[in-house]
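Below is one structure; the comments refer to it alone.
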Amino acid sequence: MMMSEMDVDRVVGYFKDKSILITGSTGFLGKVLVEKILRVQPDVKKLFLLIRASDVESAKFRIQNEIMAKEIFQVLKDKHGVEFHSFVEEKICPLVGDVVHENFGIDIIKLREVSNDIDVIINGAATTNFSERYDVAFNTNVLGVKHICAFAKKCTKLKMLLHVSTAYVAGEKEGLITERTFLMGETLRVGTHLDIEFELNLIKDSKRELRASNSMEKAERKTMKELGLKRARNFGWSNTYLFTKAMGEMMMGLLRGDFPVVIIRPSIITSTMKEPLPGWIEGIRTVDTVIMGHAKQTLPFFVTNLDLTLDMIPGDMVVNAMMAAMAAHSEDQHAWIIYHVTSSVRNPTTSALVIDSMHHYFLENPPCKGRNGERVQLKKMRIFSTLARLRLYTTIKYEIPVEL
54 MMMSEMDVDR
64 VVGYFKDKSI
74 LITGSTGFLG
84 KVLVEKILRV
94 QPDVKKLFLL
104 IRASDVESAK
114 FRIQNEIMAK
124 EIFQVLKDKH
134 GVEFHSFVEE
144 KICPLVGDVV
154 HENFGIDIIK
164 LREVSNDIDV
174 IINGAATTNF
184 SERYDVAFNT
194 NVLGVKHICA
204 FAKKCTKLKM
214 LLHVSTAYVA
224 GEKEGLITER
234 TFLMGETLRV
244 GTHLDIEFEL
254 NLIKDSKREL
264 RASNSMEKAE
274 RKTMKELGLK
284 RARNFGWSNT
294 YLFTKAMGEM
304 MMGLLRGDFP
314 VVIIRPSIIT
324 STMKEPLPGW
334 IEGIRTVDTV
344 IMGHAKQTLP
354 FFVTNLDLTL
364 DMIPGDMVVN
374 AMMAAMAAHS
384 EDQHAWIIYH
394 VTSSVRNPTT
404 SALVIDSMHH
414 YFLENPPCKG
424 RNGERVQLKK
434 MRIFSTLARL
444 RLYTTIKYEI
454 PVEL
């Protein structure tokens with residue numbers, strides 16, 4: 054939905070003179086969020102960025118190199134010119150800490166000072182690896198939420214807590230998915246009940262047994278990954294990431310204080326559509342592996358349903374939704390709101406559209422390959438509707454001729 058000019062002014066105005074704690078600011082979405090707030094609301098009071106580092110200087114170094122040095126901040130640099138660094142120094146305050154620790158590992162004096170100043174908390178910290186170690190994913194995605202809620206209750210002037218989740222906590226379903234909360238212990242598989250405390254003890258006991266048997270780090274890593282996937286699938290989630298994010302939402306519902314809470318559930322987040330630079334992205338993410346495989350001509354075949362809707366959403370649209378949701382619900386003290394941020398129903402993007410678009414793009418913008426910069430001879434990707442059809446094709450095309 055397009056906002057009216059008054060709506061835009063209201064959203065931008067909401068962040069004026071606010072002190073905001075942001076976790077996960079070194080991630081892709083976190084960078085887009087930090088840049089957007091600083092660009093549209095230069096009168097924001099302070100952005101406290103929770104950074105994993107050994108000390109304040111190391112945290113500042115990370116902010117400079119992992120956030121401010123990115124191309125996405127060029128528009129802001131051009132806007133402020135020589136004043137850019139002093140502007141950033143004034144607005145951004147690094148907090149050395151980690152959500153996996155109680156009180157983020159911050160000393161009591163600093164914690165009290167910060168908690169008295171925070172108006173808004175945006176929790177974007179997460180480990181997004183689908184097959185992450187169970188203990189690592191649990192610490193960040195579940196216990197991290199617990200520590201966020203505990204800190205939020207210490208913030209005497211807190212007006213809003215926004216938590217970034219994922220649309221896929223709802224599991225593999227068809228049709229319209231309602232924006233409703235998870236009840237504590239609720240699962241996706243009928244006949245099962247989830248006990249978060251039991252899961253935490255299971256992790257601790259498993260690690261204790263591994264170390265008692267003098268298992269190597271590699272063995273522990275493998276066991277923890279397998280345990281996460283096993284527990285996730287037992288309760289109906291397809292991977293450890295989605296399972297722990299769902300538990301994080303349950304934890305948020307259980308421990309939330311007397312302040313507005315908004316949960317944002319984006320689908321697959323892709324590059325920015327418009328702001329501040331169209332097409333900006335960092336690293337190879339989700340569907341990008343297929344696009345890069347086609348560009349390099351290392352992925353000649355792919356198995357998919359061409360009519361399948363791909364739930365993708367540009368990063369800047371997710372950030373816009375986050376900011377609008379905070380402004381919209383900040384006055385409702387008991388708000389508990391969930392938003393799915395995706396384009397599935399209103400503007401569906403099919404596999405066929407994505408594959409056709411990427412092919413036409415690389416026809417017009419041929420990628421280079423090799424040290425001499427020679428152009429790639431672009432061939433259209435061959436799509437198979439089933440794995441059986443792909444196997445039949447490779448047998449006829451490659452295996453039989455080789456045998457002959």
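Under my numbering, the sequence shown has 286 at position 233, and the numbering climbs by one with no breaks.
Every residue, glycine too, gets a C-beta built ideally from N, C-alpha and C.
Residues in its own chain within less than 7 Å of residue i by CB, not counting five upstream and five downstream?
i       : result
Met-411 : Ile-344 and His-347
Arg-63  : Ala-380
Pro-367 : Thr-323, Ser-324, Thr-325 and Met-326
Whose CA, out of the options, lies closest to the CA of residue i?
i       : options                               : result
Gly-336 : Leu-330, Ser-324 and Glu-328          : Ser-324
Phe-140 : Ile-162, Lys-99 and Glu-124           : Lys-99
Leu-295 : Ile-175, Thr-447, Leu-164 and Asn-182 : Asn-182
Gly-150 : Ile-322, Ala-106 and Leu-214          : Ala-106
Glu-166 : Cys-146, Leu-129 and Arg-284          : Cys-146
Lys-210 : Ser-168, Glu-143 and Ala-299          : Ser-168
Glu-142 : Ile-162, Ile-161, Ala-112 and Ile-171 : Ala-112
Ile-256 : Met-269, Ser-268, Ser-266 and Glu-273 : Glu-273
Ile-249 : Lys-226, Phe-288 and Gly-228          : Phe-288
Thr-395 : Thr-342, Ser-383, Ala-220 and Thr-297 : Ala-220
Arg-318 : Ser-383, Lys-130, Ile-453 and Lys-298 : Lys-298
Leu-148 : Ala-190, Ile-104, Lys-132 and Gly-158 : Ile-104
The beta strand (DSSP E) with residue i in it runs from where to where?
i       : result
Ile-145 : 145-149
Asn-176 : 173-176
Tyr-451 : Element bounds for Tyr-451: n/a, residue is neither H nor E.
Val-222 : No beta strand (DSSP E) contains Val-222, which DSSP labels as neither H nor E.
How many whole angstroms separate the CB atoms of residue i and residue j, which I take to be in contact at a CB cut-off of 8 Å?
i       : j       : result
Met-303 : His-216 : Not quite, the Cβ-Cβ distance comes to about 12 Å (not below 8 Å), so this is no contact.
Val-340 : Leu-363 : 7 Å
Thr-403 : Leu-352 : Between Leu-352 and Thr-403 the Cβ distance is about 19 Å, and since that is not below 8 Å, they are no contact.
Ala-378 : Val-315 : 5 Å
Ala-190 : Gly-281 : 6 Å
Can you name, in chain order, every residue of its own chain whose Cβ lies under 6 Å from the Cβ of residue i, other than the five neighbours on each side?
i       : result
Phe-437 : Val-356 and Leu-443
Leu-253 : none
Lys-163 : none
Below 8 Å CB to CB, which residues in the same chain sit around residue i once its five sequence neighbours on both sides are set aside?
i       : result
Ile-90  : Phe-68, Ile-73, Val-97, Leu-100 and Met-376
Met-121 : Val-141
Phe-137 : Leu-129 and Lys-130
Could you pull the start and end residues of the alpha helix (DSSP H) that residue i belongs to?
i       : result
Arg-318 : Arg-318 -> not in any alpha helix (DSSP H); beta strand (DSSP E) instead, spanning 314-319.
Glu-92  : Here residue 92 turns out to be Arg, not Glu, going by the sequence shown. Start and end: 81-93.
Met-213 : Premise fails: Met-213 lies in the beta strand (DSSP E), 213-217, not in any alpha helix (DSSP H).
Met-326 : Premise fails: Met-326 is in no alpha helix (DSSP H) and is neither H nor E.
Leu-295 : 293-308
Ser-259 : 249-265
Thr-276 : 270-287
Val-109 : 109-116
Phe-235 : Premise fails: Phe-235 is in no alpha helix (DSSP H) and is neither H nor E.
Does the segment 74-86 come close enough to the segment 368-375 to have 3 or more Cβ pairs within less than 8 Å? As far as the Cβ criterion goes, the segment 74-86 touches the segment 368-375, which means the pair count is three or higher.
At least three beta-carbon pairs within less than 8 Å, the segment 205-225 to the segment 163-175: Yes: at least three Cβ pairs fall under 8 Å.
State whether the segment 202-211 contacts the segment 242-250, with contact taken as three or more CB pairs (one from each stretch) at a distance under 8 Å. These segments do not touch.
The segment 275-292 contacting the segment 249-267, beta-carbon criterion three pairs below 8 Å: Two segments are said to touch when three or more pairs of C-beta atoms, one from each, lie closer than 8 Å; by this definition the segment 275-292 touches the segment 249-267.
contact_flag[the segment 376-389, the segment 305-316] where n(CB pairs < 8 Å) is 3 or more: With the cut-off at 8 Å, the segment 376-389 and the segment 305-316 touch.
On the three-pair Cβ rule with 8 Å, is the segment 150-159 touching the segment 192-202? The segment 150-159, when compared against the segment 192-202, does touch it at the 8 Å Cβ threshold.
The segment 389-401 contacting the segment 225-234, beta-carbon criterion three pairs below 8 Å: These segments touch.
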